[in-house]
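A short write-up of the structure that comes next.
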Amino acid sequence: MKPNDKIRLICAIIACMALAGCTNSCRGIRTPDEYTKPTIPESQVKIRVMIVPHGRHTRIFCDAPFKVYSADEQRRSLSEDSYVIRKGAEITATMDGIKVGTLLFKGNAFRLVPQTGNPITVYESERDRKRYFGELIIYRNEIDMTVDVVNIVGLENYLIGVLGREVAANWPIEALKTQAVASRTRVLFQRQEARKLGDRFDVRADTKDQVYGGIPSGPYGERIERAVRATAGQVLTLNERIFKIYFASTCGGMTEYAERVFQAKPGVHTRGGITCPYCADSPVYRWKHRIGNAEVARRISMFSDAPVTKIISITTAGKDPVGHAASVTVKHDKGTFEIDNAYKFRTNVLGKSISTEYWRDGRWQKAAGNDNKHKEIIMSTSFEARIVGDYIEFTGIGWGHAVGLCQFGAKKMAEDGRDYRAILAFYYPGSIIETNYNNQVE
Ligand SMILES: [Zn+2]
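Our numbering numbers the first residue of the sequence shown as 2 and each following residue consecutively.
Below you can see the structure in the form of structure tokens.
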């Protein structure tokens with residue numbers, strides 16, 4: 002090949018690459034690897050997210066230079082050097098410090114800060130790599146010689162990592178904006194509580210708080226950004242204060258009361274009992290699950306003096322108009338188990354099981370992988386139980402605690418042309434949108 006041909010070939014390759022890039026960006030789609038810098042300005046309000054609790058084989062890599070500082074707010078420099086980790090380096094607790102690959106940092110914690118704002122990749126298995134903007138603090142847990150990894154991220158970029166995991170990123174934009182305001186309010190409230198208690202983190206990254214996975218990995222990142230950006234700084238207040246707000250997948254026709262489900266103090270939440278005609282299209286509006294009688298008996302045994310071997314009946318009482326129960330009574334071969342909180346019966350007594358089967362397409366199926374909703378033995382407190390042979394069959398309506406925003410209801414309202422302000426006012430009556438959360442941060 003002549004030199005001129007070579008130059009022409011290189012030019013052609015560059016032109017092709019430029020075109021390929023244009024195709025994606027012209028459609029407004031950004032692939033995960035294109036997120037090398039935060040696209041939303043970092044908020045001054047930082048969220049501390051526990052992304053790896055008690056990690057034993059956590060690996061990180063950061064191919065942009067980072068520096069290491071003390072974990073406290075003084076941020077003393079622990080080394081003059083900048084580092085780059087191009088291959089996953091394991092983080093391990095040692096007798097006197099924390100090792101990252103072969104580097105040893107003495108002490109119980111340190112802060113890792115990328116110098117150019119690039120993301121850091123953190124993973125425990127090759128299949129589960131996640132990329133995070135912001136900083137990391139690595140803590141050594143002396144008792145079990147594990148490490149905690151906490152991501153310090155600006156509030157708005159935290160929301161980018163939450164939105165597509167709390168609802169589907171291809172939902173109508175007004176539904177995404179609704180969720181953005183709800184999630185922002187929720188995390189700011191939790192941040193306030195965590196800091197009062199002196200905790201090392203504000204929120205966890207799983208369903209115990211809000212599901213956070215760092216930089217979105219799907220093709221809808223741009224829509225998530227748009228929803229976060231359009232509502233930037235906005236939170237809900239009740240009596241001029243942010244409050245602990247709740248949201249759940251599918252209320253089943255009427256929202257629940259925080260006082261009834263979580264024993265919340267009266268007056269610090271918006272009211273429940275809102276008739277929701279919008280979530281009937283949700284795929285979990287009606288569900289049917291079954292599990293072996295013996296497994297439920299084993300779980301009830303934890304609350305019985307003698308081992309329970311057989312469940313005779315499960316009944317509910319104190320139902321609201323769509324069937325959310327207040328209390329549950331279980332009759333079994335050794336007596337009776339009663340609980341005056343149906344939500345605790347669902348989450349703490351029954352909980353999840355890999356043996357749960359759900360009815361779909363004319364047959365019983367087992368939940369696989371991350372399909373948590375079908376691992377739940379019951380998906381809401383609106384249920385009926387029937388003993389069928391060796392199984393207990395549960396039929397019910399809705400998924401989740403049903404307090405506050407109904408996410409599938411919000412989706413339908415948005416499809417019907419309602420904006421996020423109207424949706425929030427519907428599910429959180431009496432609340433007001435405050436446009437600058439800095440007024441609420443202590
Ligand atoms: Zn609903």
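The C-beta atom is built at its ideal place from N, Cα and C for all residues, glycine as well.
- Here the alpha carbon of TYR429 sits roughly 44 angstroms from the alpha carbon of VAL69.
- Residue pairing of GLY56 in beta bridges, as defined by DSSP: VAL148.
- By the Cβ neighbour-count rule, GLU143 is exposed, with fewer than 16 other Cβ atoms within 10 Å of its own.
- Membership of GLY352 in any alpha helix (DSSP H) is not indicated, and neither H nor E is assigned to it by DSSP.
- By a beta-carbon distance limit of 8 angstroms, ALA176 contacts ALA411. Their separation comes to about 5 angstroms.
- By the Cβ test, the region 272 to 290 is not in contact with the region 299 to 308, since fewer than three Cβ pairs between them sit closer than 8 angstroms.
- Judged by DSSP in its simplified three-state form, GLU223 adopts helix.
- Its chain contains LYS376 as the residues whose beta carbon lies nearer than 7 angstroms to that of ILE355, once the 5 sequence neighbours on both sides are disregarded; these appear in chain order.
- The closest CA to that of TRP360, considering only ARG87, GLU394, GLY234 and VAL331, is found on GLU394.
- The three-state secondary structure of ALA368, taken from DSSP, is coil.
- At a Cβ-Cβ threshold of 7 angstroms, GLU136 and VAL229 do not count as neighbours.
- Counted as a single uninterrupted DSSP element, the alpha helix (DSSP H) harbouring ASN294 occupies residues 294 to 302.
- A Cβ-Cβ separation of about 18 angstroms leaves VAL46 out of contact with ALA206 under the 8 angstroms criterion.
- Counting other Cβ atoms within 10 Å of its Cβ, SER250 reaches 16 or more and is therefore classed as buried.
- In this structure, GLY410 has its CB closer than 6 angstroms to one or more heavy atoms of ligand 1.
- Taking SER71 as reference, the option from VAL114, PRO42 and ILE41 with the minimal CA-CA separation is VAL114.
- Non-local beta-carbon contacts of VAL442 in its own chain, meaning distances under 6 angstroms to residues more than five positions away in sequence, involve VAL46 in chain order.
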